[in-house]
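Residue numbers (this note's numbering), protein chains in the order written: chain A, 1 to 685; chain B, 1001 to 1685. Note that CB positions come from ideal geometry on N, CA and C, so glycine has one too. Owing to the predicted nature of the structure, the values given are computational and were not obtained by experimental measurement. Read the structure below first, then the notes.
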C-alpha cells in the first residue's frame, strides 16, 4: 500500500509514473520534527535495519552513517563521504515495523541513519518542498515492488550489452582500438564492445569526432561490428563554447543553455575548457540535445555513456577569475600559514563548489528555477534527453545507455556505472554491495569498473574482480589515464582470465533471463540474502554474498592473497567451484557457516535448493552464444522449475509469450519443458 | 645467522649497533639484477609469504603490491599509496626458503612484491649505496630476533604510558584541558594523560608556551599530575623563522639549520609559516636541539610526541614564489583545460614535493650531503636528539616519547603512532595489521589513533576501535580539528565505553609484563598466528586476529553493524567474551573455524592452551592498579607457567631478578609462585 503526502510546493520531477491520491493528515511512521528545515525522525530499535539509498558508500544495511543526496563528481569513494553521483531518496526500514519512504525532492536531502545517535534516524531536506510516498508491506521485497511499480519499468539494454566490455581513458587512435580488438580476438578472450572515452571527440566537443585521431571512424565502427564488437562513445554534459561549433551556436540561438541571473549563458570549465550546460529540465532543450545523439547513431553507433552530468564543474569562470586575482595579490608578500591555507582552500574550492549551483537557472514548466533547487535532476534529465530521442530515432531498437549521475526515474532511460572507483580491494566489495541498493531504485543495468578506474591495479585484483562481476549486468573493465594498463591480455595468468570470461558467456542465457524477468516484473535481480530468507536471524549480517537471479547465490573472494572465504548458507545449497565452463567440482553444503577454499582461478557459485542454473556452451561474443543445446546444473530435492526468458536481444517484443519457457526437472533428473522445446543436458548436483 | 654485504659507499646510519664482519662474494637468496640502479630480485613461489616493511599499507603478508621507503606526510592511508611516514627496509620471506633482508640505505627504496609479476619480488634502490644484511633461520621469529639483536633494544616508556590517553587537535586552553580531565574523573572513565597538539605553542614555535592560552601551564601540569594525569605536548620538526626567538637565533648563530646550496638557511613553510629544519644529522646540532626538551621537562612534562618530521613541507619558499608568479601571469587569460590542469598540478605539487629534498643539505660526519640522499633518516634523528638528551637530562627516569616518522634504529629512542589515520572501519583493521609489522622493526610502543584522526567518527566505531586497542601499548584517542568530537564521554553508551576502559586497566599487569619481556628479550609483542603456529597450513591467511603477548589471542570486530565474527583457532582455546572486567562468559572452542557472537559491548579474547591471563582489579589510572591481589584466567591441560614481569614503571632497573615471578598453575587449579609471592585467584577456563 502506498500513501502520498505533500509538503510545500514540490517540483514535478516525473520520477513517479502512476497516479496516487494525496493523503491528508499526519504521515505514518516518520514523525515530522521541529526545526527550521523540513525534517522527519524515526526511533531505531536495535533490530531495525535500513536499506536503500541506491548509489552511496558503506554497507547494504545503511545504519551508522549520515548520507546526503547531492549528486557530486566524487572520485574518492571512501567511508566518510556522504554523497556520490546520485540522489536516490528511497529507503526501507525493517525490524519492529516494516515500511518504505520515497522523498521525491530534487534538492539536497540528508539521511542521518544512526549517526548522531545510534538509535535515531533523521531525514532533513534543504528545500521545504517534497512529495513523500510511504509504503507498507510485509517484506522488503514487497515494498520494493510497490515502489518500482510506481516509478515505472527499468531500462532494458540490448543483449550484446551483457557481454564483456573493455574501456580505457582513452584509446586515442583507430590503431589503438583495432589493437585492443585484435588482442582479444587473436587470444580468444570473449569481448562484445570497446569504449571511447573523451579523446575521440574534437577538443572534447559533444557530437564531434576528432578526424586526426579517427579519420575513418564510420569504417572502424563497421569493421568492428563485423567482428561482433560494438564501439561505445562517451557524451559529456557540457557543450564547448566555440565559435563555429554548431551545437554551441544552435544552443545559444535557441536559448537552450542554462543562464546566469543576468540572463547570460552561464560559463563553467570542464574538459573542453569553457562550456555551457544544456538546460535539460526544459522540455524543448531536452528534445534538442537528445536529437544530437543521431549524429553518432547514423555512424553505426548503438550505445553511449553519459558522463560529467552531476553536473561536474572544474571551475565556475567567475570563481576562477577572482581566485587568480587573489593569488596574484599575494605576490611579494611573506605568506604565513593562515594566508597559505586560505590560498589552498580557495584552490581546492574551485571544483564542484555547491555555492556555484546558486548561480545558474533552468527554464522549467514551473518557471525559472535556480539550479540548487533542482540540482539532483540534471543527470537524470540529460539521460532522459537521450532515451526520449532514441524512441524517436529508432523506436524498435534497443540502444545501450548508461549514465554517471542519476535520480529516481532515470532508471527508465538507462543504467548507471558506479563512477570513478579505484583499484582497491575495498572498492570491489563496495561495488558489490551497491548492486542490490541500486536494484531497489530500479537501476538493474549497472556495474563498477572491473579492476578499478583510478590508481594502479594488480593482476590478482583484476582476476578476483572479474570473478566478482560474473553476474553483473554491466561487466566492463575500465581504467584511468596514467594508471597501469589492465586489459586482460596485459597479465601473466591469461588462462585464468580467459576461463573466467568463458564462464560469463556460459552464464549469459541465465543472466539475461533473470535480468529481463526482473525488469519486466519490477523486481530485483541482485538480492541480499536478508530479503529472501526473512526467517533467518543471522542472514542480515551477510553483505558479501548476494542472490544473483532466482537460482544462484554468489560469494566472491574480496581479500588479497586469500585462498578461500567464509560462506554462510541459510539453507542447504549445492556449491559449484568453477575453474572454467567445463572444469568445476560440486558439493552440497548444509545450512550454516562454512569455510570454503577458492584459489585464485576459482569462482564459487551456489545453486539453491530446488533450483537450476542453465549454462550455454559459451562463445567469444554474445551472438555466438547458442541456446539450442545447454546444460542445467540442478539441485533437486522435490522438483525444480525454471522460467527461462529469451528473445532476439535487440527488439522490444518483451511480452511475447514465446519468450518464456518453463523447464521442470524432477528428483529423478528427468526434464520437461513448456513452450518451445529446449535441448538440455541435466547434471544433478 | 647474519651476513653483511656492502654496495657502494653507504652512509653510516647507526641503525645497527653490533659489529658484523663484511662478506665477500655474491649475496645469497636475492639475485643482483641488471639495470642502471642497484636492484635485487627473487622468484616467488606460490606458497611464499613476505613479511615486514613496518609501517605501510595493506596486509601483514605484503605480497601483491609495490611499496616505497620514502618518509611522507601522507594523510591518505589508502590501498594504492606506496609510502607512509616511515622507512623500514627489513623483510622476511617464508615459504620454499626462509630468509630475511635488511637494507640499511637512507635513500628511496622500492619493494615490488609480486606487483609487476605475481611471482617476482624486486627491490630497487634509488641510491647506489647500501649495507645489506641477510638473515637465515628456521622460522620468521628466529630471523626477527636475529635482526632485533642487531639493531638494539627497543625503547621502553614509563608504565603510565600504558594507560588510556586522550588527545585532540587541539585542546586550546587550560580550561578545555581541565574540562577533559574533569569529565573523565567525574564520570569514572580511566585516564592517564592528556595531549597538547600544536596550539599550546606560541605561534607554533617549538619549546615555547602560548601564555595567553595557558598562562599557568606549570601549575596545570602539576595539578593534573596530582590527579594522575600527565600532560604530553607535541614538538614539531621545523623551527620558526622569527627575530627574537631564541631557538631560531641560536640555531642560525651556531649554523645548526639545514642550508641550501648557497649556504643559506633553507626556508620552507609548515605550521608556523617559514621555518628552518634543525640539522639533526649533525651530531652537535642534534645535541643542541635535544637539549631544548629540558624547557618542558623543567615544567613538569614527562612525555612528548615528535611530529612533522618526515620532514613535512607545506611549501618550499622558492617553489611557492614561482607558483604565485605563474598563477598571477594567468590573469586575464582565457584558461583552457590544459592551462587549468597545469595550474592545479602546480598547486597540488607545492607540498611534500620530493624535488625539494634536493635543495637542502646536512653537515654529517661523512661531509655535506644533499637531503634526498639521506631523506629517511630525518625523523629518526630528530627523535634520537630527544632520546639522547633525556639520557643526559634525567638518566634514571623514563620519558614518554613517540614520533611520526621513523627509520630502523629509531625504535631505540621512542615509539611511533600510526599517523593521520581516518575514522574508517577499514583503518581500524589497517592499524591492527601494522602492529606485528612494526614489532618486527623493533617498534613495540605503538598504536593508531582510536576512533580515527581525520573525518567524522561514529559511536560504534569508537566502541569497536577501543576494544581493538585493548592490548595496544599506545592506547590513545585522537581526532583532528574540524571533525566530530570523540572523547568517550561524548557518546550515548557511556557504560559500554567505561567498561572497555575498565578492562584495559585490568589487563595492565599482563600487558606491561608482555611488553617488557618483548623489549628486554628482543622479541615481538604482537605476533601473527602464522609466526607461532608454523605447522598450520591455513593460518597465514588470518590477518584479523593476533597473538597479544604469549597467553592471549585477540579477535576484534572490524565490521560496522556486525554482531559477531569468524574466528579461526589453530588449536583448542578458551574464549572469554568480556562485557566488563567482572562480567564475562567463557567457553572452550576446539581448533578450526567458528562463528562467534560479539555484541557491540562485547570483546572477544582467547586464552591459549596451557597459558594464563592475569588480571588486576583495575583502576582509574595506572598507579591505582594494584597487583597484590589478582585473578588468573587459566586454560590448563597439563600445566600453565607464566613469567610475570613487573617493576616500578619509572626507573631503569630492568635486569633486577626480582622483577620476574614465575607462576605455575597445575591441572587441578593449584598455583605456585617462584620469586616474590603473589596473591592469585585462579579461574580455570
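Based on DSSP bridge pairs, tell me the residues matched to residue i.
i                       : result
residue 1098 of chain B : B/1094
residue 109 of chain A  : A/69, A/125
residue 193 of chain A  : A/165, A/230
residue 604 of chain A  : A/577
residue 104 of chain A  : A/131
residue 277 of chain A  : In DSSP, residue 277 of chain A forms no bridge with anything.
Name the chain B residues whose beta carbon is nearer than 9 Å to that of residue i?
i                      : result
residue 7 of chain A   : In chain order: nothing, as chain B lies at least about 28 Å away.
residue 593 of chain A : 1566, 1593, 1594, 1595
residue 541 of chain A : 1559, 1561, 1562, 1563, 1564
residue 438 of chain A : In chain order: nothing, as chain B lies at least about 20 Å away.
Report the neighbours of residue i on chain A: residues whose CB is nearer than 7 Å to its CB, in chain order.
i                       : result
residue 1478 of chain B : None at all; the shortest Cβ gap to chain A is about 16 Å.
residue 1423 of chain B : 80
residue 1455 of chain B : 80
For residue i, which residues in chain B fall below 7 Å Cβ to Cβ?
i                      : result
residue 117 of chain A : 1492
residue 63 of chain A  : 1561
residue 459 of chain A : 1118
residue 320 of chain A : 1335
Taking a contact to mean a Cβ-Cβ separation below 9 Å, would you say residue i touches residue j in this structure?
i                       : j                       : result
residue 165 of chain A  : residue 430 of chain A  : no
residue 1202 of chain B : residue 1194 of chain B : no
residue 1617 of chain B : residue 1607 of chain B : no
residue 1621 of chain B : residue 1229 of chain B : yes
residue 410 of chain A  : residue 379 of chain A  : yes
residue 124 of chain A  : residue 407 of chain A  : no
residue 1090 of chain B : residue 1054 of chain B : yes
residue 1553 of chain B : residue 1545 of chain B : yes
residue 41 of chain A   : residue 121 of chain A  : yes
residue 982 of chain B  : residue 1010 of chain B : Residue numbering for chain B in the displayed model covers 1001 to 1685; residue 982 of chain B lies beyond these limits and cannot be assessed.
residue 281 of chain A  : residue 231 of chain A  : no
Residues of chain B with CB closer than 8 Å to the CB of residue i, please, in chain order.
i                      : result
residue 57 of chain A  : The contacting residues do not exist; residue 57 of chain A stays about 10 Å from chain B at best.
residue 273 of chain A : 1334, 1335, 1336, 1337, 1340
residue 327 of chain A : 1324, 1327, 1328
residue 485 of chain A : Going along chain B, no residue has its Cβ under 8 Å from residue 485 of chain A, so there is no contact; the nearest lies around 12 Å.
Chain A partners of residue i, CB-CB under 9 Å?
i                       : result
residue 1269 of chain B : 335, 336, 337, 340
residue 1315 of chain B : 335, 340
residue 1426 of chain B : 78, 79, 426
Which bits of chain A does residue i rub up against, with CB to CB less than 8 Å?
i                       : result
residue 1330 of chain B : 324
residue 1467 of chain B : Those within 8 Å of residue 1467 of chain B in chain A number zero; the least Cβ separation is about 16 Å.
residue 1140 of chain B : Within 8 Å Cβ-Cβ: nothing; residue 1140 of chain B doesn't reach chain A, min ~16 Å.
Quick one: any contact between the region 1459-1469 of chain B and the region 1487-1498 of chain B, if contact means 3 or more CB pairs under 8 Å?
yes
Could you name each continuous beta strand (DSSP E) segment of 3 residues or more that falls completely within the region 1293-1339 of chain B, going from the start of the chain to the end?
If we require 3 residues or more, the beta strand (DSSP E) runs fully inside the region 1293-1339 of chain B come out as 1303-1307.
Ignoring anything shorter than 3 residues, give me the beta strand (DSSP E) runs that lie fully in the region 464-516 of chain A, in order along the chain.
475-477
4-residue-minimum alpha helix (DSSP H) runs that sit fully inside the region 9-87 of chain A, ordered along the chain:
You should have found no qualifying run.
Specify whether the region 634-648 of chain A and the region 664-677 of chain A touch according to this definition: at least 3 beta carbon pairs, one from each stretch, less than 8 Å apart.
yes
Could you tell me which uninterrupted beta strand (DSSP E) segments, each at least 3 residues in length, are contained entirely in the region 512-560 of chain A, listed from first to last along the chain?
526-528, 546-548, 552-554
At 3 residues or longer, what runs of the beta strand (DSSP E) sit wholly inside the region 1606-1674 of chain B?
As far as the region 1606-1674 of chain B is concerned, its whole beta strand (DSSP E) runs of at least 3 residues are 1611-1615, 1630-1635, 1639-1645, 1660-1666, 1671-1674.
My parser needs the beta strand (DSSP E) runs of 3 or more residues fully inside the region 1213-1272 of chain B; what are they?
1230-1236, 1268-1270
Report yes or no: do three or more beta-carbon pairs, one from the region 261-272 of chain A and one from the region 326-344 of chain A, lie closer than 8 Å?
no
Check whether the region 1389-1407 of chain B touches the region 1298-1308 of chain B, counting contact only when three or more Cβ pairs, one atom from each stretch, lie closer than 8 Å.
yes
Would you check if the region 73-86 of chain A and the region 420-440 of chain A touch, i.e. whether three or more CB-CB distances between them fall below 8 Å?
The way I'd put it, the region 420-440 of chain A does touch the region 73-86 of chain A; three or more beta-carbon pairs between them come closer than 8 Å.
Complete alpha helix (DSSP H) runs within the region 1358-1422 of chain B (minimum length 4 residues, chain order)
1378-1393
Pairing CB atoms from the region 32-51 of chain A with CB atoms from the region 111-120 of chain A, are three or more of them under 8 Å?
yes
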